[in-house]
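Q: Before we start, here is the structure in question, set down as structure tokens.
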Amino acid sequence: MQGLSQLFYLHGIGYDYTKYTGEHVVFEHQTRAQALRCCGIDTDNISHIDKLNFDLDIAPWLNVVGDVCMVEQHDSLLKLRLPDSQLNGIANLCIEALNYEHQFALTSGAVIGEYLFEGVRYVEVAYQITALPIGYFDANICLPSGTYQTQIWSIPSECYKQPEHPSCGISVQLYTLASDRNLGIGDFADLHELVKHSASHGCDYILLNPLHMLFKEQQHRVSPYSPNHRGLLNPLYIAIDWCDDFEQSTQIQHELALSLAALKSHKKEPFVDYNLVSEQKYRLLEMLYHHFKQHKTSKSVDAFACFKREFAKPLEVLNNDECQIYWQFLARQQLNRCQRFSIESGMAVGLINDLAVGCAQDSLEFNANKTLYAGNAHVGAPPDPWAEAGQDWGLPALNPIKLRTNKFEFFKQLLRSNMKSVGGLRIDHVMAIRRLWWCFSVQGSQQGCYVYYPFEHLIALLKIESQLQQTMIIGEDLGVVPPEVRSVMLDANMLGNVLFYFEKDQNGEFVQPEHIRSHVLLMVANHDVPPFNAWWQGKDLIVKSQYDLLDEQALSNEQSKRDNEKDRLLRWFEKAGVSHFNKQSNANLVYESLITQLSKSSASMLCIQLDDLDEQDLPVNIPGTYLEYPNWRRRLKNNISDIFTNKSDFINSITQSRKGL
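All residue numbers for the sequence shown refer to the working numbering, where the first residue is 511 and numbers rise by one.
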């Protein structure tokens, strides 16, 4: 039993947590044991448990360095573990890629830890070395006892910085964008148009939904937060008329015109029909590929080859399917084009990508990395006021020990792929770098517990990749957040994320602007809550009733709660000196006043949702539903130009206010 308790700790299996009610919950022994069994560990095999404990606890002390050696740039300390009897002689650190060599006496370090094993005292010693640039470097450490290999991570003190001045930007679900020229789904040319209008109104960024690859053959699976592969892009976002092969082919131009005619009536519908859209779009994408193959130039071949080298690792899952690789090439080209244009247009950040917390259970990403995952465990959330039984998101759970494989190469590649071609990265459910709630079955009953991840290493990777890619980081820290996560985020110059709907004091009142955290991205709402127009008028509740998600009594209860929320918002306005609103006031006037007040906060970044500028009544997603409501399909009512024409004065006033103009 003692050995198992030790393994719980060493493997990151949580002991307890504080529930949303404030209740202290200790996980049952059987629940914790099942979490280990999900990692392939026989919890009844004492010798197996003892070996794992040795490997995780004692063995690291018997090695001078591990596979990874973390060196913080601010102090440049290299840490080695040695028997204290070997603390003599000269050490030599060599990094061939940098032509770097540093000698030091083994007696010159400071002892920062010790371990006694079989009568031998092992010590961890920190040695000052000359500074290294940011990055990962294969190194040889030559000691009197032998030569040892490691990968040194030279870690900056913080992530890449966000704009110095308080900024304002637009959030959008890319597929919702409407235009005369697109094929029924927003694409990168539409994004370019959005950048143009946003930049001309003083916005510094566009916050996007995850652009991850989805399921080409299963068009009912359209959630960007349950993707097929997070390192690849969704080909449906490719703008056909932006491609060189389109410009060079009158046949493809003719076929695009036919597709637009076929989709004309559908584009007037409020929801995207992915079957219809993908049928037309993939037909044209295949034509583009065939034209590329038949009309290659040295320039196009070289560009394609360069892309394949740069993204070799994530492209492996496509099994050399050159057509699909070509689509990834086009998508990446167009995303690059949008980011370049955003900076050229004066935006401080440009595009902000969104990294989903996981991939689907049957995804390309999962199947390519199966050995890194726990078996029969899903990622989810503990019980909360919205889901008393907790939530199972159906996403496979990474094994925290296996994540270390090959020097954390999986996580490095994941970050790198999602930081390319953008100026910022939002990390969905950022608490995942510290801990995740696992869902699994124990004797037929659904149970769950927290499992902890190698926090220091994952934060280090975020800081390194952020600086190397020059990409600012936003961590979505909504819900139950361990205090150490917010502390480390602040130290690392990572912004948090505040939703005004949920920002309340201990009395349940909305927090005044001056009391909102400063180091955050501030939003009124996101994809999981209704647009303001719907919220203020209670239309989201009517929609839930129409889709049989609320019965008559539940609808009445929710409407009563919403009425109370509106009272709270009116009191919030009164405290801010705005007293002319009542519960029947025009939703758009209330919204504009709300954003105006929030623009006075010290939040680093203020985000205006394009849905709200479009005066949307319908949510883009209703959490807890799958096929009951057409999630991730709802279009905007107006095109980009009309939205900005209608809201031009309002947007200008907010961006100028944020910049102190």
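Glycine included, each C-beta is placed from N, C-alpha and C at the ideal position.
Just curious, the alpha helix (DSSP H) that H888 is in, first and last residue?
A: For the purposes of this step, residue 888 is taken as residue 378 along the sequence shown, with counting starting at 1. Not the alpha helix (DSSP H): H888 falls in the beta strand (DSSP E), residues 883–891.
Q: What does DSSP give as the partner residues of T686 in its beta bridges?
A: Here residue 686 refers to the residue found at position 176 of the sequence shown. The partner list for T686 (beta bridge, DSSP) is empty, contrary to what the question assumes.
Q: For Q583 and I662, what's the separation of their Cα atoms in angstroms?
A: To locate residue 583, count along the sequence shown from 1; it is residue 73. To locate residue 662, count along the sequence shown from 1; it is residue 152. Using only the alpha carbons, I get a separation of about 11 Å.
Q: In three-state terms, what does DSSP make of N598?
A: In the sequence shown, the residue the question calls residue 598 occupies position 88. Coil, per DSSP.
Q: Since D1129 is in the alpha helix (DSSP H), which residue starts that stretch and which ends it?
A: If you number the sequence shown from 1, residue 1129 lands on position 619. Here the sequence assigns Pro to residue 1129, which means Asp is not the residue at that position. Counting along the chain, P1129 falls outside any alpha helix (DSSP H), and DSSP gives it neither H nor E.
Q: In whole angstroms, give me the CA-to-CA distance for G1170 and P1023.
A: The residue given as residue 1170 occupies position 660 in the sequence shown. The residue given as residue 1023 occupies position 513 in the sequence shown. Spanning the two alpha carbons is a distance of roughly 16 Å.
Q: According to DSSP, is S808 helix, strand or coil?
A: Reading the sequence shown from its first residue, position 298 is the one you call residue 808. Correct three-state label for S808: helix.
Q: Count the other C-beta atoms from every protein chain shown that fall within 10 angstroms of the C-beta of R819, then say buried if there are 16 or more, exposed otherwise.
A: Within the sequence shown, the letter at position 309 stands for residue 819. So R819 counts as exposed.
Q: Please work out which residues of its chain come closer than 6 Å, Cβ to Cβ, to D594, disregarding the five sequence neighbours upstream and downstream, and give them in chain order.
A: Position 84 of the sequence shown, counting from 1, holds the residue named residue 594. So the list reads R631, V633, once near-sequence residues are dropped.
Q: List the residues that DSSP assigns as beta-bridge partners of A620.
A: On the sequence shown, residue 620 is found 110 positions in, with the first residue counted as 1. A636, per the DSSP bridge assignment.
Q: Going by Cα to Cα distance, which pick from V952, K803, Q672 is closest to D754?
A: Against the sequence shown, residue 754 aligns to sequence position 244. Measuring from the Cα of D754, the nearest candidate turns out to be K803.
Q: Looking at the strands, I want to know which residues DSSP matches up with Q1119.
A: Taking the sequence shown and counting its residues from 1, the one referred to as residue 1119 is at position 609. S681, per the DSSP bridge assignment.
Q: Near I748, which residues of its chain fall below 7 Å by C-beta distance, leaving aside the five closest residues on each side in sequence?
A: Translated into the one-based positions of the sequence shown, residue 748 becomes position 238. Around I748, the same chain offers D697, F698, L795, W837, L840, A841, Q844 as residues with beta carbons nearer than 7 Å, after the five sequence neighbours per side are excluded.
Q: Rounded to whole angstroms, what is the Cα-Cα separation between G856 and S1114?
A: In the sequence shown, residue 856 corresponds to position 346, counting from 1. In the sequence shown, residue 1114 corresponds to position 604, counting from 1. Going from the Cα of G856 to the Cα of S1114 covers about 18 Å.
Q: Is DSSP giving A615 helix, strand or coil here?
A: Residue mapping note: residue 615 aligns to position 105 of the sequence shown, counting from 1. In the three-state scheme derived from DSSP, where H, G and I count as helix and E and B as strand, A615 is classed as strand.
Q: Which residue or residues does DSSP assign as beta-bridge partners of K1014?
A: Mapped onto the sequence shown, residue 1014 falls at position 504. Partner(s): F1020.
Q: If you check the beta carbons only, do I716 and S708 fall under 8 Å apart?
A: Within the sequence shown, the letter at position 206 stands for residue 716. Within the sequence shown, the letter at position 198 stands for residue 708. A contact, by the Cβ cut-off of 8 Å.
Q: With 16 other CB atoms within 10 Å as the buried threshold, where does R850 fall?
A: Counting from 1 along the sequence shown, the entry for residue 850 is found at position 340. R850 should be labelled exposed.
Q: Helix, strand or coil for G513, going by three-state DSSP, please let me know.
A: Counting from 1 along the sequence shown, the entry for residue 513 is found at position 3. Note: G513 maps to helix in three-state DSSP.
Q: Consult DSSP for V990 and reduce its assignment to one of helix, strand or coil.
A: What you label residue 990 is simply residue 480 of the sequence shown in a count that begins at 1. It is coil, neither helix nor strand.
Q: Which one or two residues does DSSP pair with A897 in a beta bridge?
A: In the sequence shown, the residue the question calls residue 897 occupies position 387. Looking at the DSSP assignment, A897 forms a beta bridge with D894.
Q: Would you say C959 and G890 are within 8 Å of each other, going by their C-beta atoms?
A: Position 449 of the sequence shown, counted from the first residue, corresponds to residue 959. Position 380 of the sequence shown, counted from the first residue, corresponds to residue 890. Their beta carbons are not under 8 Å apart, which means C959 does not touch G890 by this criterion.
Q: Using C-beta distances below 7 Å, list every residue in its chain close to E1173, excluding the 5 sequence neighbours before and after it, in chain order.
A: The structure shown does not extend to residue 1173, since the chain is modelled only from 511 to 1171, so the question has no answer here.
Q: If we call anything under 8 Å between Cβ atoms a contact, is S689 one with I1150?
A: Here the question's residue 689 lines up with position 179 in the sequence shown. Here the question's residue 1150 lines up with position 640 in the sequence shown. In this structure, I1150 lies closer than 8 Å to S689 by Cβ.
Q: Given a cut-off of 8 Å on the beta-carbon distance, is the pair V961 and G524 in contact?
A: Taking the first residue of the sequence shown as position 1, residue 961 is located at position 451. Taking the first residue of the sequence shown as position 1, residue 524 is located at position 14. Closer than 8 Å, so yes.
Q: Below 8 Å between beta carbons: does that hold for N1033 and L1000?
A: The residue labelled residue 1033 in the question sits at position 523 within the sequence shown. The residue labelled residue 1000 in the question sits at position 490 within the sequence shown. As written in the sequence, residue 1033 is Met, which differs from the Asn given in the question. No.
Q: Residues in its own chain within less than 8 Å of A649 by CB, not counting five upstream and five downstream?
A: Here residue 649 refers to the residue found at position 139 when the sequence shown is read from its first residue. Contacts found: C579, L603, C604, I605, Q659, T660, Q661, I662.
Q: How would you call P643, buried or exposed, if buried means at least 16 neighbouring beta carbons within 10 angstroms?
A: Here residue 643 refers to the residue found at position 133 of the sequence shown. Looking at its Cβ environment, which holds fewer than 16 other Cβ atoms inside 10 Å, P643 is exposed.
Q: Around the C-beta of L768, are 16 or more other C-beta atoms found within 10 angstroms, so that it is buried, or is it exposed?
A: Numbered from 1 along the sequence shown, position 258 holds the residue referred to as residue 768. L768 should be labelled exposed.
Q: Out of L1123, Q613, G1006, which one is the CA nearest neighbour of Y1101?
A: Locating residue 1101 in the sequence shown gives position 591, where the first residue counts as 1. When only C-alpha atoms are compared, the closest one is L1123.
Q: Who are the near neighbours of Q871 in its chain, counting only those whose CB is closer than 8 Å to its CB and skipping five residues on each side?
A: Taking the sequence shown and counting its residues from 1, the one referred to as residue 871 is at position 361. Closer than 8 Å at the Cβ level, and outside the excluded window around Q871, lie H888, G904, L905, P906.
Q: Can you check the stretch 817–882 for any beta strand (DSSP E) of at least 3 residues that lies completely inside it and give the ranges in chain order?
A: 860–865
Q: By the three-class DSSP mapping on this structure, what secondary structure does T1165 have?
A: Taking the sequence shown and counting its residues from 1, one reaches residue 1165 at position 655. T1165 falls in the helix class under three-state DSSP.
Q: Can you check which of these residues, L684, T760, E703, is closest to P734 by C-alpha distance?
A: Against the sequence shown, residue 734 aligns to sequence position 224. Ranking L684, T760, E703 by Cα distance to P734 puts L684 first.
Q: Okay, do the stretch 662–679 and the stretch 980–988 touch, 3+ Cβ pairs below 8 Å being the bar?
A: yes
Q: Suppose you measure from the CA of H722 to the CA of M1004; what does that come to, to the nearest Å?
A: Within the sequence shown, numbered from 1, the residue matching residue 722 stands at position 212. Within the sequence shown, numbered from 1, the residue matching residue 1004 stands at position 494. Roughly 22 Å separates the two Cα atoms.
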